[in-house]
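Asker: Questions regarding the structure given below will be posed in turn.
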Amino acid sequence: MIYEKNRRYIIPFDDVPADRAVMPEISVDERRGNFTEVETGFPEDVAVNEAKRCLSCRRCLGCALCWAECKPEAIDFGIKPREMELTFDEVVITRGQDNAFEKINAQLGFGNYADVITDLQFERMLSPTGPTDGLVVSPHNGEIPKKVAIIQGNVKGGDDHLLSSAVLGVNEAILAINRVNDLEVNLISPLCQAFKDKFSDDAKKVAGLTIIEATPESVERPQEGGPLTLTYSQNGGSKKDDFDMVVVLTKPKIAPEVAALGKKLNQDVI
Amino acid sequence: MEEKKVLIVGGGIEGVRAAAQKAGAGNHVTIVEKFPTLGAERIPRDRIVTPDNAFENPELDKVRNSPNVEILTYSDLKKATQNDGKVLAKISKKSLRVDNTKCNDCKACIKVCPVNMYDDFDEGFTFRTAVDYFNSTTGEYNIFKEDMPVCQRTCPVNLDIRTYVGQIADGKYLNALATIRGRLPLPGSIGRVCPHPCETACNRQYLDNPISICFLKRYVADVELAQNIEPAYKTPEKKHPEKIAIIGAGPSGLTCAYDLARMGYQNITIFEALPVPGGYLWVGIPEYRLPKKLLKREVDLIAAMGVEIKYNTRVGKDITMDQMRKDFDAVFIGAGCHRGLKLQCPGEDEYQGKGIVDCVTFLREQALGQLPPAKGKLIVIGGGNAAIDSARVGWRMGFDEVYILYRRTKKEMPANPWEIDAAEHEGVILQYLAAPVEILGDGNKVTGMKCIKMELGEPDASGRRRPVPMEGSEYTIDAEIIVPALSQGTDLAFLGENSDIAVNRWNTFDVDDETGMTNVPGVFAGGDVVTGADIAIRAVAGGKKAALGIDQYLRSR
Numbered sequence: 001m002i003y004e005k006n007r008r009y010i011i012p013f014d015d016v017p018a019d020r021a022v023m024p025e026i027s028v029d030e031r032r033g034n035f036t037e038v039e040t041g042f043p044e045d046v047a048v049n050e051a052k053r054c055l056s057c058r059r060c061l062g063c064a065l066c067w068a069e070c071k072p073e074a075i076d077f078g079i080k081p082r083e084m085e086l087t088f089d090e091v092v093i094t095r096g097q098d099n100a101f102e103k104i105n106a107q108l109g110f111g112n113y114a115d116v117i118t119d120l121q122f123e124r125m126l127s128p129t130g131p132t133d134g135l136v137v138s139p140h141n142g143e144i145p146k147k148v149a150i151i152q153g154n155v156k157g158g159d160d161h162l163l164s165s166a167v168l169g170v171n172e173a174i175l176a177i178n179r180v181n182d183l184e185v186n187l188i189s190p191l192c193q194a195f196k197d198k199f200s201d202d203a204k205k206v207a208g209l210t211i212i213e214a215t216p217e218s219v220e221r222p223q224e225g226g227p228l229t230l231t232y233s234q235n236g237g238s239k240k241d242d243f244d245m246v247v248v249l250t251k252p253k254i255a256p257e258v259a260a261l262g263k264k265l266n267q268d269v270i
Numbered sequence: 001m002e003e004k005k006v007l008i009v010g011g012g013i014e015g016v017r018a019a020a021q022k023a024g025a026g027n028h029v030t031i032v033e034k035f036p037t038l039g040a041e042r043i044p045r046d047r048i049v050t051p052d053n054a055f056e057n058p059e060l061d062k063v064r065n066s067p068n069v070e071i072l073t074y075s076d077l078k079k080a081t082q083n084d085g086k087v088l089a090k091i092s093k094k095s096l097r098v099d100n101t102k103c104n105d106c107k108a109c110i111k112v113c114p115v116n117m118y119d120d121f122d123e124g125f126t127f128r129t130a131v132d133y134f135n136s137t138t139g140e141y142n143i144f145k146e147d148m149p150v151c152q153r154t155c156p157v158n159l160d161i162r163t164y165v166g167q168i169a170d171g172k173y174l175n176a177l178a179t180i181r182g183r184l185p186l187p188g189s190i191g192r193v194c195p196h197p198c199e200t201a202c203n204r205q206y207l208d209n210p211i212s213i214c215f216l217k218r219y220v221a222d223v224e225l226a227q228n229i230e231p232a233y234k235t236p237e238k239k240h241p242e243k244i245a246i247i248g249a250g251p252s253g254l255t256c257a258y259d260l261a262r263m264g265y266q267n268i269t270i271f272e273a274l275p276v277p278g279g280y281l282w283v284g285i286p287e288y289r290l291p292k293k294l295l296k297r298e299v300d301l302i303a304a305m306g307v308e309i310k311y312n313t314r315v316g317k318d319i320t321m322d323q324m325r326k327d328f329d330a331v332f333i334g335a336g337c338h339r340g341l342k343l344q345c346p347g348e349d350e351y352q353g354k355g356i357v358d359c360v361t362f363l364r365e366q367a368l369g370q371l372p373p374a375k376g377k378l379i380v381i382g383g384g385n386a387a388i389d390s391a392r393v394g395w396r397m398g399f400d401e402v403y404i405l406y407r408r409t410k411k412e413m414p415a416n417p418w419e420i421d422a423a424e425h426e427g428v429i430l431q432y433l434a435a436p437v438e439i440l441g442d443g444n445k446v447t448g449m450k451c452i453k454m455e456l457g458e459p460d461a462s463g464r465r466r467p468v469p470m471e472g473s474e475y476t477i478d479a480e481i482i483v484p485a486l487s488q489g490t491d492l493a494f495l496g497e498n499s500d501i502a503v504n505r506w507n508t509f510d511v512d513d514e515t516g517m518t519n520v521p522g523v524f525a526g527g528d529v530v531t532g533a534d535i536a537i538r539a540v541a542g543g544k545k546a547a548l549g550i551d552q553y554l555r556s557r
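Going down the list, the protein sequences come from chains A and B. Going by the numbering used here, the first residue of the first sequence is number 1, and it counts up by one from there. Going by the numbering used here, the first residue of the second sequence is number 1, and it counts up by one from there.
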């Protein structure tokens with residue numbers, strides 16, 4: 001899915017002031033023993049510059065370029081939404097597709113490094129209908145990775161979570177190995193007993209996958225342009241290894257509005 | 001078996017599975033999904049796959065092809081209410097704005113679209129254009145346009161932020177102020193005190209820092225003041241005769257009156273127990289954050305629309321609730337949360353009023369000039385904004401030393417971080433991981449407090465780590481005044497005994513989501529008496545909702 005255009009999200013124009021304006025205040029010495037207003041307000045030029053920083057976000061801008069371009073005249077800005085009032089005997093509330101997840105250990109570099117991605121993002125990457133048509137590429141440099149780590153992001157997420165995320169990790173590894181020749185995948189997670197009992201034997205048969213029972217501690221890129229270094233602790237000791245891409249296993253979370261709906265209708269969310 | 005109508009909320013893998021199951025059992029199933037496609041093509045988490053069967057989901061085809069399943073993609077469940085064992089659902093299927101029967105998948109629209117946005121379906125992994133398809137095999141082309149920009153959507157009163165910030169950028173300050181007043185009658189006050197959830201949501205934060213929206217609002221309000229412009233709030237020609245009573249001249253009551261006056265109601269009376277308007281804005285927010293003169297002016301502008309404010313009139317004492325309901329066609333309760341909660345520690349009751357003053361009383365008496373001059377040391381207990389306000393007020397009053405005791409650390413403190421920093425900056429002594437054990441006194445007045453050090457243990461239900469006392473770490477601080485600033489509750493004594501207005505277990509009112517009406521027709525409520533102690537702009541939102549509800553109620557009588 002490559003578009004013939006520069007895929008940048010926000011263009012930092014030179015004439016848009018960059019820094020957020022700071023509210024001027026009276027000094028601490030001037031405050032003692034009186035109730036004079038502390039914040040004195042923006043001067044005019046500061047206010048105008050601050051207002052110019054606004055990105056005027058909206059999604060469709062209504063520029064109608066697509067409408068002008070569409071030969072079959074399929075685009076119609078006037079199509080109205082359909083409002084319905086329906087009555088049901090029963091309601092089933094599910095998590096939906098929001099795919100919210102519990103906070104990941106901040107040391108693992110998610111959000112800092114483009115090539116540290118979530119299991120959900122990796123799933124989209126592996127999907128034939130996904131953004132890369134199923135190709136495995138590092139979002140950091142666009143290259144095909146040779147060595148990938150799949151690591152547990154919530155080591156205290158409970159046994160159920162450790163089990164389902166480890167199975168997902170193994171499955172994602174199988175798919176990735178199938179797509180990339182000679183790909184090496186390490187799955188690094190504290191394993192629960194249920195995983196060892198039910199899935200360990202099958203997982204061991206996957207060529208190219210190594211399962212390491214350990215706790216991931218941190219991910220860093222010591223050298224600009226170099227690989228990611230993962231530190232994990234195993235049997236009281238600390239180990240380091242380099243990877244081209246890191247996938248973090250996440251613990252699913254129910255979105256607050258879905259939870260609120262469940263509470264209101266007295267239903268468990270599945 | 002009798003056929004049932006089943007609503008499935010969410011079209012992810014769980015939703016599709018449930019739909020297949022329910023439809024298979026002979027029920028009529030409706031799936032409501034936000035995204036433009038069902039999303040059940042997921043990698044399984046309960047079995048090990050082979051590369052060929054990883055994304056297969058037989059249930060998905062079953063659901064797509066079943067005559068018993070109606071799939072509403074790109075749809076929102078707006079409201080669901082339970083009634084008599086049935087569920088009434090309001091569903092809105094959003095407009096795709098693309099007629100997919102005509103679309104020939106040439107992608108020309110995608111090439112020209114200038115808007116790039118994160119693609120939610122691909123987990124924000126890539127960008128999509130505003131017009132795009134969703135999933136190359138199952139998604140329909142759609143033009144994504146939010147109802148409102150994210151700041152406006154986040155603002156409890158949906159202020160048109162993008163418009164007024166744009167007007168400021170163009171130098172049209174008074175137009176910007178008019179835009180704000182279209183929904184908010186207190187721009188100068190809210191522009192000073194609001195903790196601005198809009199800025200927390202602002203998209204600019206992903207580039208560098210959010211826009212300073214709140215202070216820009218204050219700026220335009222200050223421009224009007226500096227230029228000595230007296231705006232007149234217009235009321236329509238056509239007037240409504242009904243009489244409306246409003247309890248409390250706080251942000252919710254004032255906004256309710258403002259909106260009703262703009263709809264043409266001319267018999268609006270606000271009953272205010274205090275001698276001053278503004279509610280918590282006057283007696284809770286200290287002068288150094290919000291000058292009273294400015295607040296008074298904004299209230300005067302509302303009063304000039306023909307709204308009568310009866311000061312020093314406490315409902316339940318000067319006029320009963322029953323009498324009010326007889327005399328007026330509709331009543332709005334915006335009484336707020338003006339009762340400080342207790343510490344529950346030994347010595348507290350004994351020295352109540354003899355050195356122990358809860359934060360609500362402390363701030364109120366200071367604002368009304370009823371406090372004796374500061375002498376000695378002051379201890380404030382708590383970590384919210386009211387605690388910080390009390391401490392900064394005490395510091396200004398001239399107490400020798402001002403302490404804030406909080407049982408967790410700065411990280412867990414619920415107060416706005418910039419307020420905590422300001423207090424520290426001014427010289428307030430913050431003691432984290434400390435809790436009160438006993439109030440000490442000489443029999444007549446408070447002399448100090450015994451405290452204990454805490455450490456953080458395991459997380460509790462709120463996700464914050466629970467503080468645990470450290471044995472043998474007790475210490476004493478000398479103090480003349482101790483201000484517990486734990487939380488604030490409602491005081492509903494004005495309702496009188498045997499009131500038929502239902503009160504829930506939090507001692508607040510349950511009101512209708514859309515109209516703000518209580519269980520009693522004609523009696524409405526909004527602000528902190530509904531939400532519990534909350535921010536001013538949410539109280540404003542409660543007042544606005546009730547104004548619409550009152551109009552609807554009175555016009556349909």
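Note that the Cβ used here is the ideal one computed from N, Cα and C, for glycine as well.
So Tyr432(B) and Arg408(B) are supposed to be a Cβ contact under 8 Å. How far apart are they, rounded?
Answerer: 7 Å
Asker: Does chain B have any CB closer than 8 Å to the CB of Cys66(A)?
Answerer: yes
Asker: According to DSSP, is Tyr118(B) helix, strand or coil?
Answerer: Here Tyr118(B) sits in strand by DSSP.
Asker: Work out the CA separation of Pro467(B) and Asp358(B) for me, nearest whole Å.
Answerer: 23 Å
Asker: Consider the Cβ of Leu168(A): report whether some Cβ of chain B lies at a distance smaller than 8 Å.
Answerer: yes
Asker: Would you mind telling me which residues of chain A sit closer than 8 Å to Cys198(B), beta carbon to beta carbon, in chain order?
Answerer: Within chain A, no residue comes near Cys198(B); the closest Cβ sits about 11 Å away, beyond 8 Å.
Asker: Mind pulling the chain B residues with CB within less than 9 Å of Asn171(A)?
Answerer: Chain B residues near Asn171(A): Ile43, Pro44, Arg45, Arg47, Ile48, Val49 and Ala54.
Asker: Answer with buried or exposed for Asn6(A), where buried requires no fewer than 16 other C-beta atoms within 10 angstroms of its C-beta.
Answerer: In this prediction, Asn6(A) scores a pLDDT of 34, lower than 50, which makes its location untrustworthy; the coordinate-derived value is nonetheless stated afterwards. Exposed, since its Cβ has fewer than 16 Cβ neighbours within 10 Å.
Asker: Rounded to a whole number of angstroms, what is the C-alpha to C-alpha distance between Thr50(B) and Val529(B)?
Answerer: 58 Å
Asker: To the nearest angstrom, how far is it from the Cα of Gly158(A) to the Cα of Gly384(B)?
Answerer: 33 Å
Asker: What residues match up with Gly441(B) in a beta bridge as DSSP calls it?
Answerer: Val446(B)
Asker: In terms of DSSP beta bridges, what is Phe127(B) paired with?
Answerer: Partner(s): Tyr118(B).
Asker: Determine which residues of the segment 224-245 of chain A have a Cβ less than 7 Å from any Cβ of chain B, and write them out in chain order.
Answerer: none
Asker: On the premise that Cys256(B) lies in contact with Thr490(B), defined as a C-beta separation below 8 Å, what is that separation, rounded to the nearest angstrom?
Answerer: With 8 Å as the limit, Thr490(B) and Cys256(B) do not qualify as a contact, their Cβ atoms being about 17 Å apart.
Asker: If you count every other CB in all the chains shown that lies within 10 Å of the CB of Pro187(B), and 16 or more means buried, which is it?
Answerer: buried
Asker: Going along the segment 299-322 of chain B in order, which residues come within less than 7 Å of chain A, judged by CB to CB distance?
Answerer: Taking 7 Å as the Cβ-Cβ cut-off against chain A, none of the residues of the segment 299-322 of chain B qualify.
Asker: In terms of residues, what are the limits of the alpha helix (DSSP H) holding Ser473(B)?
Answerer: Here Ser473(B) belongs to no alpha helix (DSSP H), and DSSP marks it neither H nor E.
Asker: Per DSSP, which one or two residues make a beta bridge with Pro252(A)?
Answerer: Phe101(A)
Asker: Judging by CA-CA distance, which residue of Lys172(B), Leu363(B) and Ile180(B) is the nearest neighbour of Asp160(B)?
Answerer: Ile180(B)
Asker: Ala108(B) versus chain A: which residues are under 9 Å apart at the beta carbon?
Answerer: Cys66, Glu69, Cys70 and Lys71
Asker: If the cut-off is 9 Å on Cβ atoms, which residues from the segment 197-211 of chain A count as contacting chain B, listed in chain order?
Answerer: Phe199, Asp202, Ala203 and Val206
Asker: What is the C-beta distance between Ile177(A) and Val185(A), in whole angstroms, given that I count them as a contact (C-beta under 8 Å)?
Answerer: With a Cβ gap of about 6 Å, Ile177(A) and Val185(A) count as contacting.
Asker: I want to verify the contact list: residues of chain A whose CB lies under 8 Å from the CB of Ala386(B), in sequence order.
Answerer: Those within 8 Å of Ala386(B) in chain A number zero; the least Cβ separation is about 17 Å.
Asker: Is there a Cβ of chain A sitting closer than 8 Å to that of Asp510(B), yes or no?
Answerer: no
Asker: So if I threshold CB-CB distances at 9 Å, which residues from the segment 78-101 of chain A count as touching chain B?
Answerer: Within the segment 78-101 of chain A, contact with chain B at the beta-carbon level (separation under 9 Å) is assigned to Gly78, Ile79, Lys80, Pro81, Arg82, Glu83, Met84, Glu85, Leu86, Thr87, Phe88, Asp89, Glu90, Val91, Val92, Ile93, Thr94, Arg95, Gly96, Gln97, Asp98 and Asn99.
Asker: I'd like the span of the beta strand (DSSP E) that includes Tyr232(A), first residue to last.
Answerer: Leu228 to Gln234
Asker: Given that Asn105(A) touches chain B, what residues does it touch there, using C-beta distances under 8 Å?
Answerer: By Cβ distance, chain B contributes nothing, its closest Cβ being about 15 Å from Asn105(A), past 8 Å.
Asker: Shorter than 8 Å from the beta carbon of Gly41(A) to some beta carbon of chain B?
Answerer: Answer yes: the Cβ-Cβ gap between Gly41(A) and chain B drops below 8 Å somewhere.
Asker: I think Ala89(B) touches Leu72(B), with their Cβ atoms under 8 Å apart; what is that distance to the nearest whole Å?
Answerer: Ala89(B) to Leu72(B), Cβ: 10 Å. No contact.
Asker: Could you give the first and the last residue of the continuous alpha helix (DSSP H) run that contains Tyr265(B)?
Answerer: Run containing Tyr265(B): none in the alpha helix (DSSP H); it sits in the beta strand (DSSP E), Tyr265 to Phe271.
Asker: With DSSP as the reference, label Val206(A) as helix, strand or coil.
Answerer: coil
Asker: Check whether the Cβ of Asn209(B) lies closer than 8 Å to any Cβ atom in chain A.
Answerer: yes
Asker: By how many angstroms is the C-alpha of Ala422(B) removed from the C-alpha of Val46(A)?
Answerer: 22 Å
Asker: So if I threshold CB-CB distances at 9 Å, which residues from the segment 87-111 of chain B count as touching chain A?
Answerer: Val87, Leu88, Ala89, Lys90, Ile91, Ser92, Lys93, Lys94, Ser95, Leu96, Arg97, Val98, Asp99, Asn100, Thr101, Lys102, Cys103, Asn104, Cys106, Lys107, Ala108, Cys109, Ile110 and Lys111
Asker: Distance, Cα to Cα, Met449(B) vs Pro346(B)?
Answerer: Distance between the alpha carbons of Met449(B) and Pro346(B): 10 Å.
Asker: Take Thr40(A) and list the residues in its own chain whose beta-carbon comes closer than 6 Å to its own, dropping the five residues that flank it on each side.
Answerer: Same-chain partners within the cutoff: Pro24.
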